[in-house]
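Reading through the structure tokens given below for one structure.
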Amino acid sequence: MTAHFTASAAAVLAILLAATACKSDPADEPSPYITFDAESERDIVTTENIREFSVSAYTGGIPIMEHVTVVRTGSNSWHYSPAVMWPETPVDFYAVSPADTPLEINLSWENVIRIERLNGKNDILVSTCLDAIQTSARLRLNFIHILSCVAVRIRSGNPDSRIIVKKISIKGFPTSGYYYLPKITTRPGNNAEGIWSAWGADANYTLFEASPDHLVLTDSYTDIDGGCTNFYIPSELGPIEGNWGGARIEVAYRVIDPATGTVIWPDATTPYDQLFTEDRSYAAALYWLGEGVADHRWLPGRKYIYSLTVRHHR
Numbered sequence: 003m004t005a006h007f008t009a010s011a012a013a014v015l016a017i018l019l020a021a022t023a024c025k026s027d028p029a030d031e032p033s034p035y036i037t038f039d040a041e042s043e044r045d046i047v048t049t050e051n052i053r054e055f056s057v058s059a060y061t062g063g064i065p066i067m068e069h070v071t072v073v074r075t076g077s078n079s080w081h082y083s084p085a086v087m088w089p090e091t092p093v094d095f096y097a098v099s100p101a102d103t104p105l106e107i108n109l110s111w112e113n114v115i116r117i118e119r120l121n122g123k124n125d126i127l128v129s130t131c132l133d134a135i136q137t138s139a140r141l142r143l144n145f146i147h148i149l150s151c152v153a154v155r156i157r158s159g160n161p162d163s164r165i166i167v168k169k170i171s172i173k174g175f176p177t178s179g180y181y182y183l184p185k186i187t188t189r190p191g192n193n194a195e196g197i198w199s200a201w202g203a204d205a206n207y208t209l210f211e212a213s214p215d216h217l218v219l220t221d222s223y224t225d226i227d228g229g230c231t232n233f234y235i236p237s238e239l240g241p242i243e244g245n246w247g248g249a250r251i252e253v254a255y256r257v258i259d260p261a262t263g264t265v266i267w268p269d270a271t272t273p274y275d276q277l278f279t280e281d282r283s284y285a286a287a288l289y290w291l292g293e294g295v296a297d298h299r300w301l302p303g304r305k306y307i308y309s310l311t312v313r314h315h316r
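Using the numbering used here, you'd call the opening residue of the sequence shown number 3 and step up by one each time.
Structure, rendered in structure tokens:
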């Protein structure tokens, strides 16, 4: 059994909601109210373009907006209510999408997103815009991805056999952690990055499960779960330990004799540690998530494509 992994450089791109931070195309006259403008690129590593975000804003340490939801109302228009006027002093903005992401603002220490149990299906993006002042422009925000995107595809390496898959899981990395927002403005070329502090290795996400039909592998790759729709906490990818530990993809499968329909693997000779622990009538193929990944660590804003080949050798 072999696996090939690639990390797509294009996936490093953050969603760019502006060409420059805190600026936009000029309007005829300065607006006394804070208004937002955003344009999201189509080729982004997220489930969909941003439709709403939550924003908090402070001037001189005093809040003027607290967890206000801003909603897209058109291709290039956004709305929130009630409208807030620009103060005479510079404003720091902190935004997050989806809007219900729990962002805690503590200006004297750290601004943090606390993740108790990541669902693995939603991208999270943040934006910081510091020392913004009133201009003849709507305020644009640059969002960056804080999660890693993972895509899995799989194929058979045995053209003379029929391989069926019961379940594909991804396991053994953190699902909880704190993300500390960047302390500078997020904008292209600014290298603004937050810091993750994650713990545990309790991840156990199901990417595919027969219900009831199995996945029949061919010699061509099959994309699992529609491509890059899985988002996880960036973390170190520990090595596989037996059939129970380590950052890994687990594939539960059987090998069928196409002539007779008989299961030829697993059989009575299959080692115990090669059996699927949830149903030992299936074999388990394990693939280390750290294989081919720089420093064996996922990074935020990156897309990782795992190309798996299941081979059976009697």
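No residue lacks a Cβ here, since even glycine has one placed at the ideal position from N, Cα and C. This one's a predicted model, so the numbers in the text were calculated from it and none came from an experiment.
Tell me the rounded alpha-carbon separation between residue i and residue j.
i	j	result
PRO100	ARG74	12 Å
ARG299	TYR308	14 Å
ALA139	ALA203	46 Å
TYR223	THR279	26 Å
SER110	TYR182	13 Å
PRO241	ILE107	36 Å
CYS131	GLY292	34 Å
LEU239	VAL265	34 Å
PRO161	ARG155	17 Å
TRP80	TYR60	20 Å
GLY174	GLY191	34 Å
LYS123	GLY179	16 Å
PRO273	TYR289	17 Å
ILE186	SER129	10 Å
SER77	TYR35	21 Å
PRO236	PRO302	6 Å
TRP267	TYR284	8 Å
PRO84	PHE38	13 Å
TYR255	LEU120	27 Å
GLU54	VAL152	24 Å
ALA97	HIS147	12 Å
ALA205	ILE172	7 Å
ASP259	SER150	39 Å
ILE117	MET87	33 Å
ALA286	GLN276	5 Å
GLU252	PRO89	55 Å
TYR306	ALA249	14 Å
HIS216	PHE210	9 Å
ILE52	ASP225	25 Å
GLU243	ARG282	19 Å
GLU195	THR231	23 Å
Within its chain, find whatever has a CB closer than 8 Å to the CB of residue i; leave out the 5 residues flanking it on each side and keep chain order.
i	result
ALA134	CYS24, PRO92, VAL93, ASP94, PHE95, LEU141
TRP246	THR279
SER58	PRO65, MET67, GLU68, HIS69, VAL70, PHE95, TYR96, ALA97, LEU105, ILE107
When you compare each of the options to residue i by their alpha carbons, which one comes out closest?
i	options	result
THR71	GLU195, GLY244, SER56, HIS81	SER56
ARG304	MET67, VAL295, THR208	VAL295
PHE233	SER283, THR208, GLY247	THR208
ILE197	ASN113, ALA285, GLN136	ASN113
ALA261	ARG164, VAL312, ILE226	ARG164
TRP201	GLY62, PRO176, ILE117	PRO176
SER33	LEU120, THR137, PRO184	THR137
THR103	ILE126, MET87, GLU90	ILE126
GLU68	ASP259, ILE52, LEU105, GLU90	LEU105
ILE115	ASN193, PRO184, ALA194, GLU243	PRO184
ILE170	GLU195, ASP227, ASN193, THR220	ASP227
What does residue i pair with, by DSSP beta-bridge criteria?
i	result
VAL86	For VAL86, which the question treats as bridged, DSSP gives no partner whatsoever.
THR130	TYR96
GLU238	ARG299
ILE117	GLY179
ALA200	GLY179
ALA261	Answer is none; ALA261 lacks a bridge partner.
ILE1	The structure shown does not extend to residue 1, since the chain spans only 3 to 316, so no value can be given for it.
GLY247	GLU243
Could you spell out the range, first to last residue, of the beta strand (DSSP E) harbouring residue i?
i	result
LYS173	164-173
PRO65	64-76
ILE242	Per DSSP, ILE242 belongs to no beta strand (DSSP E) and is neither H nor E.
PHE55	54-61
THR208	206-211
ARG250	250-258
TYR274	First-last for TYR274: undefined, no H or E at that position.
THR224	224-226
HIS81	79-81
TRP267	265-267
LEU288	285-290
TYR306	305-312
ILE156	150-158
Return the chain-ordered list of same chain residues with a C-beta closer than 6 Å to the C-beta of residue i, the five sequence neighbours on each side being excluded.
i	result
VAL218	ILE166
ALA1	For residue 1 there is no data in the structure shown, the boundaries of the chain being 3 and 316.
TYR82	VAL70, VAL72
GLY63	LEU109
SER26	In this predicted model, SER26 has a pLDDT of only 44, less than 50, meaning its place in the structure is not dependable enough to derive any value.
VAL257	SER163, ILE165, ILE266, TRP267, HIS314
Can you give me the Cβ contacts of residue i inside the same chain, cut-off strictly under 7 Å, excluding the 5 residues immediately before and after it?
i	result
ASP297	none
THR271	none
SER199	GLY179, TYR180
ASP221	ARG157, SER158, PRO161
Could you check if residue i belongs to the surroundings of the ligand NAD, using beta carbon to heavy atom distance under 8 Å?
i	result
SER83	This structure lacks the ligand NAD, and indeed carries no ligand of any kind.
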